[in-house]
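Student: Residue numbering for the sequence shown follows the UniProt record's numbering, starting at 1 and increasing by one per position. Using N, Cα and C, we set each Cβ at its ideal position, and we do this for glycine too.
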Amino acid sequence: MMDKGFVWIVTDGVANIVDSLNPSVIEAMNGVIGIRFHVPRSQELDSSFLIRWNRMFRQFNPNELPLYRPSIFGLWAYDTVWALSLAAEKVGVSGNKNKRLQSSKNSTSLDLLAVSTNGPELLKEIVQNKFRGLSGNFDLTDRQLPISALQIINVVGRSWKHIGFWTLKNGLSQQLNQNGLKITGSASMLELNPVIWPGESTKIPRGWEIPARGDKLRVGVPTSAYPEFVLTSKDPVTNATRAVGLSIDIFEEVVKRLPFAVHYEYQAFDTIDATSSTSYNDFVHQVYLQRYDIAIGDITIIYNRTPYVDFTIPYTESGVGMIVPVKETVKKNMWIFTKPLSKGMWFGSIMFTMYTTIVVWMLEHLNGNTHLDGPFSLRQLEILMSFFIFEEKEKLKCILSRLVLLVWMFVFLVLASSYTASLASMLTVQQLSPMFTDIRELQKQGGYVGFHRGSYIEGLLVDIGFDRSKMRPYAPDEFHIALSNGGEHGGVAALVLDVPYIKLFLAKYCKGYTMVGPIYKSAGFAFALPKRSPLLAEISRAIINITGGDTIIQLEKKWIDQNSCQNEEKIDDSGSAITLDSFRGLFLLTGFVTTCSIPVALLMNHYKKDQQKALTKQDEPNKQSYVQKGENGHIQDGDQGNEENGDGDDIDNQGRMLVPHSTNRNCDLPGDCTQNNMMTATTHFGSEVIHREGEASMSQSCS
C-alpha cells in the first residue's frame, strides 16, 4: 500500500518523533505527509546542543545507532528543566528547607514525594519567566505554552523535507515570518512546495480505487426510443454489450478527460417497454440497488429520482418546448410602408431633415440670397424643399450651403436604398409564423396536444390544466404523421417534448414545423451515480469542459444533422426593421458638418462686414473731392453758357442727380457695389468732370 496511487497522512503523534526514529523506519515511510509542531532553527540548537547531545548519547548508549536529533518532546523537557533551574536560582532554594511528608521507598508515588516550602515562590517565578529555548519561545504566562505553528513535512528517503506551515490565524503558508508568524507565501495548498507521493510520484493521487472493489466500472445503458442518443447491441462472439450514440460519445469523452484511468464495461438494461418513463425510473433505481456503478443515456433529471441517486450536471440543453406547424402569412397592412424603419429611425430622419433645412436657410439668409429675403415663410420653405428634392443647387449662393446639402443627400441616398430593399423583402419574401405561440392559447382553444408515450410529460400537461381527453401519446416515429393530420383529423395541433428531442425532430422534419418555448424549465439529460460517489465531481467537471468548448458541437453534428434546415423558409421575425443604430455613423457625420457650418458662416459674414466698413471709410474723401470738383466745373460751364447763350433755365443748362448706393445683394466680395451704385450724370459740356467721375466709378467697382 506504499505504491503509486496511495496517500498516507500521519498526525503529530508520529510526525513529531520522526527525527528520533531509526533511519530504516523512516525510509519505509517514503512519501508520507505529516503534521508536526514547528521548531524554529537556531544556532544553539544546530551546533552546540546537538554536538553535546550526540556525545552524551553515544556515551550512555554505545550499542545503539546515534540519533540525528531529539524529538520536540525532548526539547520541551530540556526547556522545562532550564526554566525550573532559573526559577530556583532566583528564589534561592536550599536543601534544608525541603521536608518529606511520608517516608517511602516507592519513588513513583507522586503523593509521597517531597514538597518544597518554596513551592509558591517557585511557581510564581516559573510563570513569570520568559526566554527563548531550544523549542522556541518559552512563556507560561497563561499557564501553558503559546500555540506554535504547525509544520507540514514530507518523508523523503531517510529524512524529510518542508512543505509548508499552518497557523490558527493565517492558515496555510509556504514560509513564516519568525517575528510575527505572518504569511509571506501563498495560502493555496497547490502552491506550496511540491510533494513526493508514495511510489516516488509527483502526480497527486486519488487516494482510492475506481471501482472500490477493483473490478471494471459497470456502466448501465438503456434501450432508448431515440437511437441517435443510445443504441445498444450484443457482440455475437463475446456476448458483450455494445453501445453507440450521442450520450455514449459524451461519456467516452468524459472518461478521456478524467485525471485517472477508468476501466469500464457496458451492461444493457432490458425490459419489455424500455422507452417509458416507468422503465427509466427503474433503470435509474438499479444504480441505487448497486447493480450499476453509473447509468448513462438520455436520462432526464427529475425530482422524484434525486432521493436515490446523484446526477451530474446536464450535458444537453434543458427545458421542455412545443413543436407546432407553421403557416404562411401575407402582409396586408396599409401601413406596411412604415415597417422598414423603426420608430426611432423615422423620428431621427425627420429631425435631421428639419435641422438641415433650418441651417441651409440660415446660411442663405446670411449671404443675402434674393430667393430667401425677409422672414421665414411657407414660400421660403417651398424653395428650400425644392433644393432637397430637385437638387436646384444653382439657387444656392453660399458654398457652405452646398456642402451641407451634399453631405445630407449622401445620407439620404443610403437611407433610401436601405428602405427600398427592406420594403421589397417584406413584400416579396415568403413569411412563416407558428400557428400557436403559447401553450395556454392551445389549451383555451381546446386543441389536441401530443407527447412521448410513457414520458413524464403526461404528468406535466395534467399539472398545466389539460384535460386527458385532449392528450394523445405517440411513439417518436408517429410524431410527423400526428402533426400532419392535425387535431381535426385524428392528430394533434402541437407536440410537447424535451428540447433535445425537439432538435432531433426538426433536424428531420424542419419544413413546416418550428419550436415554441421552452414552455417549462427542466434540468436536461445527465448521468446518474450512487449517492456520495467520488466520481461525481470529476465527471461533472469533465462535462463542463466538454459542453463549454467545440467538442459538444462536433458530437451533435455527428448524430443530429443540423444542416438540413439551412435553406428552408425563415420564420417571421418582427425585429427586421432598420434601427437608428445602423445609421449612427452617417447621422453623426451630417450633424457634425451641418453644425460646424453655422459658426464658420457667422465668422465669414463678420469678416465681410469689417472689410466693407474699411473700404467705405477709404472712399469717403475721394467722393467729396469729386463732388466739389464737379460743382465748380458746373458753375464755370454754366457761366460761359449764360454768357454765350444768354440767361436760361438751370434745367436746360445743367443737371446733376445722385442716386444712393444700394445694399450688397450677392456678397461675392466685401465692399463691392458700394461706390458702383452711385450714379452721376451731368448735362453740361465739360468733359473733364465726366472723365474724372467715370474714372472714380471704375476704380471703386467690385472685382
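Where does Pro434 sit, in a helix, a strand or coil, going by DSSP?
Tutor: The residue you call residue 434 lines up with position 434 of the sequence shown. Three-state DSSP puts Pro434 in a strand.
Student: For chain D, check one thing: does any of its Cβ atoms lie closer than 9 Å to the Cβ of Tyr520?
Tutor: Looking for chain D here will not work: only one protein chain is present.
Student: Starting from Val407 and walking both ways along the alpha helix (DSSP H), at which residues does that stretch end?
Tutor: One-based indexing of the sequence shown puts residue 407 at position 407. That run of the alpha helix (DSSP H) goes 399 to 428.
Student: Using beta-carbon positions only, say whether Arg36 and Leu122 come within less than 9 Å of one another.
Tutor: Taking the sequence shown and counting its residues from 1, one reaches residue 36 at position 36. Taking the sequence shown and counting its residues from 1, one reaches residue 122 at position 122. Their beta carbons are not under 9 Å apart, which means Arg36 does not touch Leu122 by this criterion.
Student: Which term fits His38, buried or exposed, when burial requires 16 or more other beta carbons within 10 angstroms of its beta carbon?
Tutor: Here residue 38 refers to the residue found at position 38 of the sequence shown. Result: buried.
Student: Please report the distance separating the alpha-carbon of Ala494 from that of Ala225.
Tutor: Here the question's residue 494 lines up with position 494 in the sequence shown. Here the question's residue 225 lines up with position 225 in the sequence shown. Those two C-alpha atoms are separated by around 20 Å.
Student: Leaving aside the five residues before and after Ser148 along the sequence, list all residues of the same chain whose C-beta is less than 7 Å from its C-beta, in chain order.
Tutor: Along the sequence shown, one-based indexing puts residue 148 at 148. Closer than 7 Å at the Cβ level, and outside the excluded window around Ser148, lie Phe37, His38, Gly136.
Student: Here's the rule I'm using: 16 or more other beta-carbon atoms within 10 Å means buried, otherwise exposed. How should Pro314 be labelled?
Tutor: As a working mapping, residue 314 is identified with position 314 in the sequence shown. It counts as buried.
Student: To the nearest angstrom, how far is the alpha carbon of Ile152 from that of Gln175?
Tutor: Mapped onto the sequence shown, residue 152 falls at position 152. Mapped onto the sequence shown, residue 175 falls at position 175. Their Cα atoms are separated by approximately 11 Å.
Student: Quick check on DSSP: helix, strand or coil for Asn54?
Tutor: To locate residue 54, count along the sequence shown from 1; it is residue 54. DSSP places Asn54 in helix when its eight states are reduced to three.
Student: Over the uninterrupted beta strand (DSSP E) stretch that includes Tyr315, give me the two end residues.
Tutor: By 1-based counting over the sequence shown, the position of residue 315 is 315. Taken as a continuous stretch (DSSP letters only), Tyr315 belongs to no beta strand (DSSP E), as it is neither H nor E.
Student: Per the contact definition of three or more C-beta pairs closer than 8 Å, is the stretch 84 to 93 in contact with the stretch 116 to 131?
Tutor: Taking a cut-off of 8 Å on C-beta distances, the stretch 116 to 131 touches the stretch 84 to 93, as three or more cross pairs fall below it.
Student: May I ask you to list the residues that DSSP assigns as paired with Met322?
Tutor: Taking the first residue of the sequence shown as position 1, residue 322 is located at position 322. DSSP, once it has assigned bridges, lists Val496, Val516 as partnering Met322.
Student: Provide the residue span of the alpha helix (DSSP H) that contains Asn137, from first to last.
Tutor: Counting from one through the sequence shown, the residue named residue 137 turns up at place 137. First-last for Asn137: 136 to 139, but that is the beta strand (DSSP E), not the alpha helix (DSSP H).
Student: Taking the alpha carbon of Ser71 as the point to measure from, which residue in Ser47, Gly13, Arg55, Asn118 has its own alpha carbon closest?
Tutor: Taking the sequence shown and counting its residues from 1, the one referred to as residue 71 is at position 71. Looking at Ser47, Gly13, Arg55, Asn118, the one whose alpha-carbon comes closest to that of Ser71 is Gly13.
Student: Within this structure, are the beta carbons of Gly319 and Gly517 separated by less than 9 Å?
Tutor: Numbered from 1 along the sequence shown, position 319 holds the residue referred to as residue 319. Numbered from 1 along the sequence shown, position 517 holds the residue referred to as residue 517. A contact, by the Cβ cut-off of 9 Å.
Student: By alpha-carbon positions, which one of Leu602, Ile578, Pro23 ends up nearest to Ser342?
Tutor: The residue labelled residue 342 in the question sits at position 342 within the sequence shown. Minimum Cα distance to Ser342 is reached at Ile578.
Student: Are the Cβ atoms of Ile502 and Gly321 separated by less than 9 Å?
Tutor: By 1-based counting over the sequence shown, the position of residue 502 is 502. By 1-based counting over the sequence shown, the position of residue 321 is 321. Yes.
Student: Would the beta-carbon of Leu363 fall within 9 Å of that of Val404?
Tutor: Against the sequence shown, residue 363 aligns to sequence position 363. Against the sequence shown, residue 404 aligns to sequence position 404. Going by beta carbons, Leu363 and Val404 fall inside the 9 Å limit.
Student: Under 9 Å between the Cβ atoms of Val499 and Gly450?
Tutor: Within the sequence shown, numbered from 1, the residue matching residue 499 stands at position 499. Within the sequence shown, numbered from 1, the residue matching residue 450 stands at position 450. Cβ distance not < 9 Å, so Val499 and Gly450 don't count as in contact.
Student: Confirm, please, whether the CB-CB distance from Gly344 to Phe587 is below 9 Å.
Tutor: Residue numbering aside, residue 587 sits at position 587 when the sequence shown is read from its first letter. Residue numbering aside, residue 344 sits at position 344 when the sequence shown is read from its first letter. Taking 9 Å as the Cβ cut-off, Phe587 and Gly344 do not qualify as a contacting pair.
Student: Out of curiosity, what's the CA-to-CA distance linking Arg158 and Pro259?
Tutor: Taking the sequence shown and counting its residues from 1, the one referred to as residue 158 is at position 158. Taking the sequence shown and counting its residues from 1, the one referred to as residue 259 is at position 259. Cα-Cα distance, rounded: 31 Å.
Student: Using a Cβ-Cβ cut-off of 8 Å (strictly less than) and excluding sequence neighbours within five positions of Arg242, which residues of its own chain qualify?
Tutor: Residue 242 sits at position 242 when you count from the first residue of the sequence shown. Taken in chain order, the residues that qualify are Thr232, Ser233, Lys234, Asp235, Tyr266.
Student: Please name the residue in Leu580, Gly31, Trp82, Asn54 whose C-alpha comes closest to that of Ile350.
Tutor: By one-based count along the sequence shown, residue 350 stands at place 350. Of the listed residues, the one whose Cα sits closest to Ile350 is Leu580.
Student: Looking at C-alpha atoms only, which residue of Tyr607, Lys203, Ile299, Asp293 is the closest neighbour of Tyr456?
Tutor: Start at 1 with the first residue of the sequence shown, and residue 456 comes out as number 456. The candidate whose alpha carbon is nearest that of Tyr456 is Ile299.
Student: Ordered along the chain, which non-local residues of its own chain (more than five positions away) have a Cβ less than 8 Å from that of Leu506?
Tutor: Counting from 1 along the sequence shown, the entry for residue 506 is found at position 506. Ile323, Tyr513, Thr514, Met515, Cys565.
Student: Mind checking who Thr223 pairs with in its DSSP beta bridge?
Tutor: Stepping through the sequence shown from its first residue, residue 223 is reached at position 223. Its beta-bridge partners do not exist; DSSP assigns none.
Student: Report back the beta-carbon spacing between Phe251 and Ile296 to the nearest angstrom; my notes put them in contact at under 8 Å.
Tutor: For the purposes of this step, residue 251 is taken as the residue at position 251 of the sequence shown. For the purposes of this step, residue 296 is taken as the residue at position 296 of the sequence shown. At roughly 5 Å, the Cβ-Cβ gap stays under 8 Å, so Phe251 and Ile296 are in contact.
Student: Could you have a look at Gln151 and say whether DSSP puts it in helix, strand or coil?
Tutor: By one-based count along the sequence shown, residue 151 stands at place 151. Strand at Gln151.
Student: Val10 to Ile33, Cα distance in whole Å?
Tutor: Residue numbering aside, residue 10 sits at position 10 when the sequence shown is read from its first letter. Residue numbering aside, residue 33 sits at position 33 when the sequence shown is read from its first letter. Answer to the nearest angstrom: the Cα atoms are 6 Å apart.
Student: Please report the residue range of the beta strand (DSSP E) in which Arg36 lies.
Tutor: Mapped onto the sequence shown, residue 36 falls at position 36. Run containing Arg36: 33 to 37, per the beta strand (DSSP E) assignment.
Student: Let me make sure I understand the geometry here. Which of Lys557, Asp142, Val91, Gln144 has the alpha-carbon closest to that of Pro120?
Tutor: For the purposes of this step, residue 120 is taken as the residue at position 120 of the sequence shown. For Pro120, the nearest C-alpha among the options comes from Val91.
Student: Residues in its own chain within less than 8 Å of Leu460 by CB, not counting five upstream and five downstream?
Tutor: Here residue 460 refers to the residue found at position 460 of the sequence shown. Within the same chain, Leu460 has close Cβ partners Val320, Val496, Tyr520.
Student: Contact check, His249 vs Leu555 under 8 Å by CB: the rounded distance?
Tutor: Here residue 249 corresponds to residue number 249 of the sequence shown, with the count starting at 1. Here residue 555 corresponds to residue number 555 of the sequence shown, with the count starting at 1. The amino acid occupying residue 249 in the given sequence is Asp; His does not appear at that position. At roughly 5 Å, the Cβ-Cβ gap stays under 8 Å, so Asp249 and Leu555 are in contact.
Student: Can you give the Cα-Cα distance for Pro198 and Trp8, rounded to whole angstroms?
Tutor: Locating residue 198 in the sequence shown gives position 198, where the first residue counts as 1. Locating residue 8 in the sequence shown gives position 8, where the first residue counts as 1. Pro198 and Trp8: Cα-Cα distance of roughly 8 Å.
Student: Within 10 Å of its beta-carbon, does Gln286 have 16 or more other beta-carbons around it, so buried, or fewer, so exposed?
Tutor: In the sequence shown, the residue the question calls residue 286 occupies position 286. Gln286 is classed as buried because its beta carbon has at least 16 other beta carbons within 10 Å across all chains shown.
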